[in-house]
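Enquirer:
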Amino acid sequence: MKEIKEYSQLIKNSDDWQRLQLELKALKEENQALKLKLRDQQRQLTTMKKSEKLLNKTLSHTYALIFRFKLNDYNEPVFTFIGGDLLEHLPISTEFYTNKKLDEVFREKLVSKLKSYYLKALKGKAEQFEMVFNGSVLLTSFLPVFENDNLIEVVGSILDVTKIKEIKEYVRSSEEKFRKIFDAAEDAIVLLNGNQRYIDANEAACRLFGISKEKLLNMHLGDLTAEARKKSFIEEWPSFIKEGTFKGETEVVRSDGLIQQVEYNAKAHILPDVHLAIIRDIKERKEIEDRLRNTETLKAIGELAAGIGHEIRNPLTSLKGFIQLLHSEIHNSSNSDQYFEIILSELQRLEEIINEFVLLSKPKTTLFEMKNVRTVLNETMALLESQATLKNVEIAAKFQNDLPLVRCESNQLKQVFINFIKNGIEAMPNGGKLSVHAQQTSSEEICIQIQDNGIGMDTDSLNQLGKPFYTTKEKGTGLGLMVSFKIIRDHLGHVKVRSKQGKGTTFEVYLPINCE
Ligand SMILES: Nc1ncnc2c1ncn2[C@@H]1O[C@H](COP(=O)(O)OP(=O)(O)OP(=O)(O)O)[C@@H](O)[C@H]1O
Ligand SMILES: [Mg+2]
């Protein structure tokens, strides 16, 4: 009222009137600016509300719970925010959560599960842990927030990871299942990458290569391929990658140096940069094939031998007798002694061959009896002792004390051991050591091992062993092993051979026990 009075006095004067007009104008403009500012603020408020609405909407569709809390003036943890879809699934009271204490909002068992962690978080320790609540696995985190080294609040989150856990468990168990199948496979299975390096292998592969998985992984394809096959094998790689398959037979080198014959079937790109190969040891199959072939040959020789053996032996014996007689009567030629020696030694050789032929063709009416091979071996070694000494070979025998008896024809077994020991001695032209061991190797068999450290054999020679007339010796018949293998087969046993060129050879004769 007072102001209006003053104004009415003022308008009496025109100058004052004008000033008043100006002030009013300024006031109007100020009012306008204020209005604009207000509108601006209102717009900002609407945008903020919109974003808050959007945030809440987003959170309500997030299968998680997000919350913030801090200490109030009374040092009690109180909520400042809570949101997220998990709200509906957990015992949490959401009404008027702001400034409410944690224990009032988190209800029931949830409080007891969380309390120790949020108390630690309020002391500044970040926490992340999994808890199982009503059958769900909840990944929970508490993250303290600091400002100038002072804790101002804690941001927490709870995420339902039940499904993720289930998927992880499914992946883990199916991986375990496939790993078990992979490892239980009889055939060797290996995986290689594009650089031809082994990236996985099953147990059969490790057995085949005689190497641990750790050592095998990252080895190069060429590292375990036999030298003779390496080059062509590596050269074939690009066409394998292009064509997708590759199969055939090859030789691999085990870590102990032994060459193993294998067949392989490879498939490229079973996964990106992963190629698979299934490898099968075909030593046994090859042995059976060889044995079959040998049996056929043996059969033919046997039939022949049966027919001609006796026919040749008889005239041979009389020839020998008459030549000996002639020798004692002729003394006038200076060369006759040497000629007779040659004739007799050649006749001796002929006789040996015929004897072995006859042995081969003999029907199985031989006398089998229960015997200790120790006795047979001792008798054999006594026979060969002088030959060994002459060749500077030391024979070292080691027999198990209580060797079980075997059912055998001792003369035939003796013939086998003579052949093996003789071969051993002959393999060491500069002398050496020949060990003869006999021991029980299982409840079913005993093993007689004859080992030399002589010249050894390569794979090709090993494959020829036992074939009729295969010999590398000037005066050999090449029948010794063939006869020996047959005798062992007649005894229901089997022979294993290991050899390394320049290192030596081991023959292992396995004979069954408790076999009437
Ligand atoms: N211990 C060994 N070390 C190296 N090579 C061996 C050994 N045993 C056998 N061989 C090889 O096997 C071949 C065949 O042996 P086998 O006993 O059948 O006949 P041989 O010894 O040549 O002749 P024979 O037995 O009539 O004297 C031998 O010539 C030799 O090359
Ligand atoms: Mg021989």
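Numbered per the UniProt record's numbering, the sequence shown spans residues 1 to 516.
For glycine and all other residues, C-beta sits at the position ideal for the given N, C-alpha and C.
1) Use the C-beta contact count for Phe67: other C-beta atoms within 10 angstroms, 16 or more gives buried, fewer gives exposed.
2) Quick check: does the Cβ of Lys500 come within less than 8 Å of any heavy atom belonging to ligand 1?
3) Within 10 angstroms of its Cβ, does Met48 collect 16 or more other Cβ (buried), or is it exposed?
4) Is it right to say Thr140 is buried, meaning 16 or more other beta carbons lie within 10 angstroms of its own, or is it exposed?
5) Is Tyr99 near Phe79, with beta carbons less than 9 Å apart?
6) Smallest Cα separation from Ile450: which of Arg280, Thr441, Ser435 and Glu444?
7) Does DSSP put Arg285 in a helix, in a strand, or in coil?
8) Is Phe182 helix, strand or coil when you go by DSSP?
9) Within 9 Å of any Cβ in chain C, is that where the Cβ of Lys398 sits?
10) Closest by CA to Ile395, which one among Thr380, Leu319 and Phe182?
11) Roughly how many whole angstroms lie between the Cα atoms of Ile270 and Val190?
12) Are there three or more Cβ pairs, one per stretch, closer than 8 Å when the region 384 to 402 is compared with the region 421 to 436?
13) The alpha helix (DSSP H) spanning Lys123 covers which residue range?
14) To the nearest whole angstrom, what separates the beta carbons of Glu409 and Leu383, a pair I think is in contact under 8 Å?
15) Quick one: grab the DSSP three-state call for residue 548.
16) For ligand 2, which residues have a Cβ under 5 Å from at least one heavy atom, in chain order?
17) Would you check if the region 250 to 260 and the region 205 to 218 touch, i.e. whether three or more CB-CB distances between them fall below 8 Å?
18) Where does the unbroken alpha helix (DSSP H) through Gln415 begin, and where does it stop?
19) Just how far apart, CA to CA, sit Asp281 and Lys320?
20) Return helix, strand or coil for Ser136, following the three-state DSSP convention.
21) Drop a sphere of 10 angstroms on the beta-carbon of Ser499, count the other beta-carbons inside from all chains shown, and report buried for 16 or more, exposed for fewer.
22) What does Thr505 pair with, by DSSP beta-bridge criteria?
23) Our contact map puts Leu403 next to Val376 with C-beta atoms below 8 Å; I'd like the distance itself, whole angstroms only.
24) Going by beta carbon distance, what residues of the same chain come within less than 6 Å of Ser136, once the five residues before and after it are set aside?
25) Does DSSP classify Ile330 as helix, strand or coil?
26) Using the Cα positions of Asp223 and Ser443, report the straight-line distance between them to the nearest angstrom.
27) So what does DSSP say about Leu344, is it helix, strand or coil?
28) Report the partner residues of Ala397 according to the DSSP bridge assignment.
29) Closer than 8 Å by C-beta to Ile418: which residues in its own chain qualify, once you throw out the five before and the five after it? Chain order, please.
30) So Ala201 is in the beta strand (DSSP E); what residue range does that whole segment cover?
31) What does Val373 pair with, by DSSP beta-bridge criteria?
32) At which residue ranges does the region 35 to 83 contain complete alpha helix (DSSP H) runs of 4 or more residues, listed in the order of the chain?
33) Checking 9 Å against the spacing of the C-beta atoms, do Gln387 and Val483 come in under that value?
34) Can you tell which of Glu127, Gly83 and Val497 has the C-alpha that lies nearest to the C-alpha of Leu54?
35) Sorted by chain position, which residues of the same chain lie with C-beta nearer than 7 Å to Tyr97's C-beta, five sequence neighbours on each side aside?
36) Does the distance between the C-beta of Asp458 and the nearest non-hydrogen atom of ligand 1 fall short of 8 Å?
Expert: So, from the listed chains and residues:
1) As a first step, residue 67 is located in the sequence shown; it is residue number 67 there, counting from the start. Buried, because 16 or more other Cβ atoms sit within 10 Å of the Cβ of Phe67.
2) The sequence position of residue 500 within the sequence shown is 500, counting from 1. No, Cβ of Lys500 sits at least 8 Å from all heavy atoms of ligand 1.
3) Position 48 of the sequence shown holds residue 48. Per the 10 Å Cβ criterion, exposed.
4) Position 140 of the sequence shown, counted from the first residue, corresponds to residue 140. That one is buried.
5) Here residue 99 is taken as the residue at index 99 of the sequence shown, counted from 1. Here residue 79 is taken as the residue at index 79 of the sequence shown, counted from 1. The sequence given here places Asn at residue 99; Tyr does not occur at that position. Yes. Within cutoff.
6) Locating residue 450 in the sequence shown gives position 450, where the first residue counts as 1. Per the Cα distances, Ser435.
7) The residue you call residue 285 lines up with position 285 of the sequence shown. Of the three classes helix, strand and coil, the one that applies to Arg285 here is helix, per DSSP.
8) Your numbering for residue 182 matches position 182 in the sequence shown. Helix at Phe182.
9) Annotation note: the requested chain C is absent from the structure, which comprises a single protein chain.
10) Taking the first residue of the sequence shown as 1, we reach residue 395 at position 395. For Ile395, the nearest C-alpha among the options comes from Thr380.
11) Taking the sequence shown and counting its residues from 1, the one referred to as residue 270 is at position 270. Taking the sequence shown and counting its residues from 1, the one referred to as residue 190 is at position 190. If you take the alpha carbons of Ile270 and Val190, they lie about 12 Å apart.
12) yes
13) Locating residue 123 in the sequence shown gives position 123, where the first residue counts as 1. Counting along the chain, Lys123 falls outside any alpha helix (DSSP H), and DSSP gives it neither H nor E.
14) Walking along the sequence shown from the start, residue 409 turns up at place 409. Walking along the sequence shown from the start, residue 383 turns up at place 383. Not really, about 17 Å apart at Cβ, beyond 8 Å.
15) No information on residue 548 is available, as it lies outside the stretch 1 to 516 that the chain covers here.
16) Asn423 and Gly480
17) yes
18) Within the sequence shown, numbered from 1, the residue matching residue 415 stands at position 415. Going by DSSP, Gln415 is part of the alpha helix (DSSP H) stretching over Ser410 to Glu426.
19) Here residue 281 is taken as the residue at index 281 of the sequence shown, counted from 1. Here residue 320 is taken as the residue at index 320 of the sequence shown, counted from 1. Asp281 and Lys320: Cα-Cα distance of roughly 52 Å.
20) Here residue 136 is taken as the residue at index 136 of the sequence shown, counted from 1. Here Ser136 sits in strand by DSSP.
21) Numbered from its first residue, the sequence shown carries residue 499 at position 499. Flag for Ser499 reads buried.
22) In the sequence shown, the residue the question calls residue 505 occupies position 505. In the DSSP output, where bridge partners are listed per residue, Thr505 has Asp452 and Ser499.
23) Locating residue 403 in the sequence shown gives position 403, counting from the first residue. Locating residue 376 in the sequence shown gives position 376, counting from the first residue. In this structure Leu403 is not in contact with Val376, their Cβ atoms being roughly 11 Å apart against a cut-off of 8 Å.
24) Along the sequence shown, one-based indexing puts residue 136 at 136. Excluding sequence neighbours, Ser136 sits near Asp160 and Thr162.
25) In the sequence shown, residue 330 corresponds to position 330, counting from 1. Ile330: coil per DSSP, three-state reduction.
26) Counting from 1 along the sequence shown, the entry for residue 223 is found at position 223. Counting from 1 along the sequence shown, the entry for residue 443 is found at position 443. One C-alpha to the other measures close to 39 Å.
27) As a first step, residue 344 must be located in the sequence shown, where it is residue number 344. The answer is helix: DSSP assigns Leu344 an H, G or I state.
28) On the sequence shown, residue 397 is found 397 positions in, with the first residue counted as 1. Per DSSP, the beta bridge partners of Ala397 are Val436.
29) Numbered from 1 along the sequence shown, position 418 holds the residue referred to as residue 418. So the qualifying residues of the chain are Thr380, Leu383 and Leu384.
30) One-based indexing of the sequence shown puts residue 201 at position 201. That run of the beta strand (DSSP E) goes Tyr198 to Ala201.
31) Within the sequence shown, the letter at position 373 stands for residue 373. Per DSSP, none; premise fails for Val373.
32) none
33) Position 387 of the sequence shown, counted from the start, is the residue given in the question as residue 387. Position 483 of the sequence shown, counted from the start, is the residue given in the question as residue 483. No, they are not a contact pair.
34) Residue mapping note: residue 54 aligns to position 54 of the sequence shown, counting from 1. Nearest option by C-alpha distance: Gly83.
35) Position 97 of the sequence shown, counted from the start, is the residue given in the question as residue 97. Same-chain partners within the cutoff: Phe79, Ile82 and Val105.
36) Locating residue 458 in the sequence shown gives position 458, counting from the first residue. No, since every heavy atom of ligand 1 falls outside the 8 Å radius drawn around the Cβ of Asp458.
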